[in-house]
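Visitor: Residues in the sequence shown are numbered consecutively from 33, following this note's numbering.
Every residue, glycine too, gets a C-beta built ideally from N, C-alpha and C.
Have a look at this one.
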Amino acid sequence: MTIDNKKAKIILEDGCEFDADIIHDNMGSKSIDISGLRKETGYITYDPGFMNTGSCMSSICYIDGEKGILRYRGYDLEDLVSKCDFIEVAYLMVKGTLPNLEERNKYMQLLNKHSLLHVNMKQFLRNYPSDAHPMSILTAMIASLSAFYPELEERDPEENIDLTVTRLLSKMRTIAAYTYRQMNGLEFIDPKYEYSYCENFLNMMFHTSVNGYTPNPVHVNALNKLLILHADHEQNCSTTAVRLVGSSEANLYAAVAAGCCALWGPRHGGANMEVMNMLSKIQNDKMSIDEAIRKAKDKNDPFRLSGFGHRVYKTFDPRAKIAKRICLEVMETTHTNDPLLDIAMELEEKATHDDYFVSRHLYPNVDFYTGITFRMLGIPANLYTVMFAMGRLPGWIAHYLEWRHDEYMKIGRPRQVYTGSPLREVKPINER
Ligand code: ACO
């Protein structure tokens, strides 16, 4: 990052002027530093949805939405997906470098060592209704970790941060699997020391004393890749929530619980579940693909093409391409057939050739094919956003840690354009 010798001059209608620094990032993009604008001129900027606001400097993730590029810590997503497992990528996100074999294996063992849940937490989880939304359970359980493992609240949080990060990465997988078992009235089973991160997750989900389940390597491989696809996406809604909560110096568990809440919505991580609902609706209502597209284009119809469109990607979402490939690989190697996949592919084909979607740069996003793949792994639709959260966790942690150590870190506190009433007098209640 460098600061230009030249300034950007902002001339305001009352004659006020402001000389803003021009910042060049490492990839050639430019930004204008307006952080002193209000102090010097009294003006604020108005940018709903932060469409045009850089809220921090970050070295974790790089996206070029026009070219469809996504990199974690300088490594291309495609390269990471083809050469790494999820633990290696989690290590990269949290520690900043890729581990060697010994470091990776040690990290995997460390995560397994911390994967058990406190017995009272299990009891707590047991008391949720079996039809509770998994995201409400996940969010509450993550926030509760700070009650059961309170080291971060002690006087020197830095000392305990490594331990907290490890616990969080490890226990979220256990919580996610137990949420599924609670939904299905199954006993919780412990993680196994000899299993990898994804093997353990699938085993804790599906093994019972009578089904002899062992994780299928094809499913383990697909799950590793799917989690990597979700590992980070710079300043998206949930990561911004994590940073914002972290900026008040709330602990990591609290910040990640906030990230889970933000992810839950159908315009963000809830979209993968919405995609499956949409595809099932098309199938059940025997709706033609042309009719689905017509409805999605009709502004008076609430029907939208879930899994289509993205705030940042305007040509294609690189994650969607990889997700489609993973989906087809699982289908071919396990000889699974899913009619929803045929519907999805026809929908993609027709929508990407339709002027409405082309002119608005609406293409499949990461959520379009991940749901169908999770379904092939036996994971039910209402758990998809939990899967997204598991994948996104290393990114959230990396952003939380980066923000804590940022010399420019300030509590997040935007301004507003007030549209309410001027001063009014309160009338006594019997005169209102
Ligand atoms: N189906 C139909 N029309 C759409 C869709 C869609 N999925 N997405 C956007 N549009 C239309 C809008 O109606 C708007 O049309 P207009 O210009 O005629 O008014 C135009 O495209 C621009 O859309 P915005 O909503 O302004 O775009 P924005 O960048 O604010 O929103 C978003 C992006 C939220 C992802 C949006 O495309 C959407 O709702 N998609 C469906 C939900 C989804 O898949 N979310 C997951 C995103 S990826 C992630 O979070 C991991």
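DSSP three-state label for Ala52, please.
Guide: Reduced to three states, the DSSP call for Ala52 is strand.
Visitor: Candidates Asn58, Tyr78, Asn369, Gly47: which alpha carbon is nearest Thr451's?
Guide: Checking every option, the nearest Cα to that of Thr451 belongs to Tyr78.
Visitor: Which complete alpha helix (DSSP H) runs does the segment 114-190 hold, if anything under 4 residues is left out?
Guide: Listed in chain order, the complete alpha helix (DSSP H) runs (minimum 4 residues) inside the segment 114-190 are 118-127, 133-145, 151-158, 166-180.
Visitor: On the DSSP bridge assignment, give the partners of Ser400 in chain order.
Guide: This sequence places Phe at residue 400; Ser is not what is there. According to DSSP, Phe400 bridges with nothing at all.
Visitor: Consult DSSP for Ser63 and reduce its assignment to one of helix, strand or coil.
Guide: Looking at Ser63 - three-state DSSP - the assignment turns out to be strand.
Visitor: Which residues in the same chain as Arg275 place their Cβ atom closer than 6 Å to its Cβ, once the five residues preceding and following it in sequence are excluded?
Guide: Correct list, in chain order: His431, Trp435.
Visitor: Closer than 7 Å to a non-hydrogen atom of the ligand ACO - does that hold for the CB of Arg392?
Guide: Indeed, a heavy atom of the ligand ACO lies less than 7 Å from the Cβ.
Visitor: Kindly indicate the opening and closing residues of the alpha helix (DSSP H) around Asn216.
Guide: Segment: none, Asn216 is in no alpha helix (DSSP H) and carries neither H nor E.
Visitor: Thinking just about the alpha-carbon of each residue, which of Asn84, Leu109, Phe406 is nearest to the one in Pro350?
Guide: It is Leu109 whose Cα lies nearest to the Cα of Pro350.
Visitor: With respect to the beta strand (DSSP E) encompassing Tyr104, which residues constitute its N-terminal and C-terminal limits?
Guide: Unbroken beta strand (DSSP E) run through Tyr104: 101-104.
Visitor: Determine the contact status of Tyr225 and Asn144, defining contact as a CB-CB distance below 8 Å.
Guide: Closer than 8 Å, so yes.
Visitor: At least one CB of chain D closer than 8 Å to the CB of Met422: is that the case?
Guide: The structure shown contains no chain D, having only a single protein chain.
Visitor: Closer than 7 Å: is that where the CB of Asn369 sits relative to any heavy atom of the ligand ACO?
Guide: Checking every heavy atom of the ligand ACO against the Cβ of Asn369, none is found closer than 7 Å.
Visitor: Hey, Phe50 and Leu69 are a contact pair by Cβ (cut 8 Å); roughly how many whole angstroms apart?
Guide: Right, their Cβ atoms sit about 6 Å apart.
Visitor: What does the alpha-carbon distance come out to for the pair Ile384 and Leu259?
Guide: A small correction: the amino acid at residue 384 is Thr; Ile does not occupy that position in the sequence shown. So the two alpha carbons sit approximately 26 Å from each other.
Visitor: Quick one: what's got a C-beta closer than 8 Å to Asp370's C-beta in the same chain, skipping five residues either side?
Guide: Taken in chain order, the residues that qualify are Met363, Ile404, Arg407, Met408.
Visitor: Could you check which residue in Phe348, Ser320, Thr366 has the C-alpha nearest to that of Lys382?
Guide: Nearest C-alpha to Lys382: Ser320.
Visitor: Taking only the alpha-carbon atoms, compute the straight-line gap between Pro257 and Thr246 and give it to the nearest angstrom.
Guide: It should be pointed out that residue 257 corresponds to Lys in this sequence rather than to Pro. About 19 Å.
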